[in-house]
Amino acid sequence: MSSDNMLTLITIDEVEFRVKPSDCVLSKVLWRFCNCKDKLSSPKSITIRSSTFQKILYWLQNHTYMYTYLEGLKFEDLNEFDKKFLQVDDVTLINIFKEAHLLMIDQLVEICAIALADRLETKSVDEIRELFHELDDFEPGEIEEIRKEAEKLKIGH
Numbered sequence: 001m002s003s004d005n006m007l008t009l010i011t012i013d014e015v016e017f018r019v020k021p022s023d024c025v026l027s028k029v030l031w032r033f034c035n036c037k038d039k040l041s042s043p044k045s046i047t048i049r050s051s052t053f054q055k056i057l058y059w060l061q062n063h064t065y066m067y068t069y070l071e072g073l074k075f076e077d078l079n080e081f082d083k084k085f086l087q088v089d090d091v092t093l094i095n096i097f098k099e100a101h102l103l104m105i106d107q108l109v110e111i112c113a114i115a116l117a118d119r120l121e122t123k124s125v126d127e128i129r130e131l132f133h134e135l136d137d138f139e140p141g142e143i144e145e146i147r148k149e150a151e152k153l154k155i156g157h
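Residue numbering for the sequence shown follows UniProt numbering, beginning at 1 and increasing consecutively.
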């Protein structure tokens, strides 16, 4: 493919990627870049780190399987390529999830959400807060009150 037919993307850390338009189909944002007025002539800036974009691009280039139904899908239901792709540390998975959302790659967002949910099931509230860099802005008494209210709302109570 000639370089004229490639989309040039520049990441936030100023790394340049040359991407085939056919690899952009699953991303609504990248696909719009491929079809904008100036076509592929000028580089497009993306607010994504190169290390994360490289992983997302790998997924886009190698992803041929479309899930027809994502609702209720569990991690073990994913195909082998996606399972292997999602076997990264928690921080990397969160970065891929956030950047896939930014690029509007719906299917990648969904499978990342499935993998995150699978991992977060076993974590405590404090571990989740630390992972997402969230501050605890509740007073200790407020947390206990919320827990009691949540218990009352559970079915069978």
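We put the beta carbon where it would ideally sit given N, CA and C, even for glycine.
Bear in mind the structure is a predicted one, so any value in this text is a computation, not a measurement.
In the structure shown, E14 adopts coil according to DSSP, grouped into three states. One Cα belongs to K20, the other to L120, and the distance between them is close to 35 Å. Just measuring C-alpha positions, the residue of L78, D90, I10 sitting nearest R129 is D90. Apart from the 5 residues on each side of it in sequence, A100 sits with its Cβ closer than 7 Å to the Cβ of I56, L108, V109, C112 in its chain, given in chain order. The three-state reading of DSSP puts T122 in coil, since its state is none of H, G, I, E or B. The DSSP-derived three-state label of T8 is strand.
Under the DSSP definition of a beta bridge, S45 partners with I10. For the 7 Å CB-CB criterion, L103 and S27 form a contact. Your pair T52 and I96 checks out as a contact, with CB atoms roughly 6 Å apart and the cut at 8 Å.
In the displayed model, V29 falls within a helix according to three-state DSSP. L153 counts as exposed, since fewer than 16 other beta carbons sit within 10 angstroms of its beta carbon. The residue among K83, E151, D13, V125 with its C-alpha nearest the C-alpha of I114 is K83. Restricting attention to D118, R49, S50, the CA atom closest to the CA of D77 is found in D118.
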